[in-house]
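Novice: I'd like to ask you about the structure that follows.
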Amino acid sequence: MRRRFPWARHAVLVLVSAVMLLPFYWVIKTAITNENIYAYPPRLLPVDPHFFNFVDVWYLIPFPRYLLNSIIVSAMAVAGNVVLNALAAYALTKHFAAKRLVIVLLLSCTLIPFQATIIPAYLITARLGLLNTHLGLALPLLSTIICIFIYKSAFEAVPRSLIDAARMDGLAEWRIIWKVLLPLSKPAIATNVILAFIWSWNSFMWPLIVTREAGMQTLPLGLARFLSYMEDTTGALYAFVCMVLAPGILVFLMAQSAFIRGLTSGATKG
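Read in numbering that gives the first Met the number 0, the sequence shown has 257 at position 258, and its numbers run on one by one without any break.
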């Protein structure tokens, strides 16, 4: 099959890629043409494209303010996951009493939906005086259990002799993490960055509960306010979606290969 039809494999890959990218193309086409999505037969190529919907998104609501809030919250979440998850994962690589119990408790916590923890999370945030603040918006996302175990898998793949040599040279534990483990765990770092960014960037329920002022809202909350200004919401909605999705897609493309290696690092040995 490969010798007689070498083009077949490439044709299948192109076809699969086209099917996967078709929804994204349709969103962009509708955003720049404002076409009726229920029109039949549907038009494959855009007719009379324009960028009026993107201009409306930028000016009808304080989009730059919402964008800045989302960037600040996502940056805090990414920094917290990179640092705090590394510390927690390094602790889980140690041998201590009730280690298995701690791992089981962490894994069992992943079965609890976030909606079930909103009330205690809100009360803790209120007691800390972090309501309607950027830190309060990022607080539940500063560390995630899944990313902790991604770090743990990467740290356990590092030869133990390197850690022992660093300890014999007098490095403190936090310096072993910073100087030895993190430089050898770049795929795990990329995975933490991408997952933390996407989860915080798309968060809707928690910012809705914590924020008290329009100036502290993030992009998902700004969408509801924007739609209240628009009568024909199809093209405007898709334009908003394009502007919100662009940073996440860009971050993923920048670290795509490292992200995939980080997810599959525990599946192989050697």
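For glycine and all other residues, C-beta sits at the position ideal for the given N, C-alpha and C. Just so you know, these numbers come straight off a predicted model, no measurement behind them.
Using 8 Å for Cβ pairs, my map puts residue 137 next to residue 69. What's the rounded Cβ distance?
Specialist: Not quite, the Cβ-Cβ distance comes to about 11 Å (not below 8 Å), so this is no contact.
Novice: For residue 74, does the three-state DSSP call read helix, strand or coil?
Specialist: It is helical.
Novice: Using the rule of at least 16 other Cβ atoms within 10 Å of the residue's Cβ for burial, across every protein chain shown, is residue 173 buried or exposed?
Specialist: Exposed, since its Cβ has fewer than 16 Cβ neighbours within 10 Å.
Novice: Please report the straight-line C-alpha distance between residue 143 and residue 160, rounded to a whole angstrom.
Specialist: The alpha-carbon atoms of residue 143 and residue 160 are separated by roughly 29 Å.
Novice: Residue 48 to residue 247, Cα distance in whole Å?
Specialist: Rounded to the nearest angstrom, the two C-alpha atoms are 25 Å apart.
Novice: Out of curiosity, what's the CA-to-CA distance linking residue 236 and residue 203?
Specialist: Using only the alpha carbons, I get a separation of about 16 Å.
Novice: Curious, which full-length beta strand (DSSP E) runs of at least 3 residues does the region 19-77 contain?
Specialist: Entirely contained in the region 19-77, not one beta strand (DSSP E) run reaches 3 residues.
Novice: Which residue's Cα is closest to the Cα of residue 181: 155, 167, 205?
Specialist: Per the Cα distances, 155.
Novice: How big is the Cα-Cα spacing for residue 82 and residue 158?
Specialist: The straight-line gap from Cα to Cα measures roughly 21 Å.
Novice: Please determine, among 238, 184, 54, the residue with the shortest C-alpha to C-alpha distance to residue 88.
Specialist: Nearest C-alpha to residue 88: 184.
Novice: If you draw a straight line from the alpha carbon of residue 149 to that of residue 103, how long is it in whole angstroms?
Specialist: Computed Cα separation, rounded: 16 Å.
Novice: Helix, strand or coil, according to DSSP, for residue 252 in the structure here?
Specialist: Correct three-state label for residue 252: helix.
Novice: Using the rule of at least 16 other Cβ atoms within 10 Å of the residue's Cβ for burial, across every protein chain shown, is residue 80 buried or exposed?
Specialist: Burial call: buried.
Novice: When burial is assigned at 16 or more other CB atoms within 10 Å of the CB, is residue 215 buried or exposed?
Specialist: Label assigned to residue 215: buried.
Novice: Within 10 angstroms of the Cβ of residue 162, are there 16 or more other Cβ atoms? Answer buried if so, exposed if not.
Specialist: With 16 or more Cβ atoms within 10 Å of its Cβ, residue 162 is classed as buried.
Novice: Suppose you measure from the CA of residue 0 to the CA of residue 19; what does that come to, to the nearest Å?
Specialist: Residue placement at residue 0 is flagged as unreliable, the pLDDT there being 45, under the threshold of 50; the coordinate-derived value follows with that caveat. Using only the alpha carbons, I get a separation of about 25 Å.
Novice: Leaving out five residues on either side along the sequence, give the residues of the same chain with a beta carbon under 8 Å from the beta carbon of residue 131.
Specialist: Counting only Cβ-Cβ distances below 8 Å, and skipping sequence neighbours, we find 209, 210, 211, 212, 215.
Novice: In three-state DSSP terms, what is residue 107?
Specialist: Three-state result, residue 107: helix.
Novice: For my contact list, residue 45 and residue 28 are in at a C-beta cut-off of 8 Å; report their separation, rounded to the angstrom.
Specialist: Confirmed, Cβ separation roughly 5 Å.
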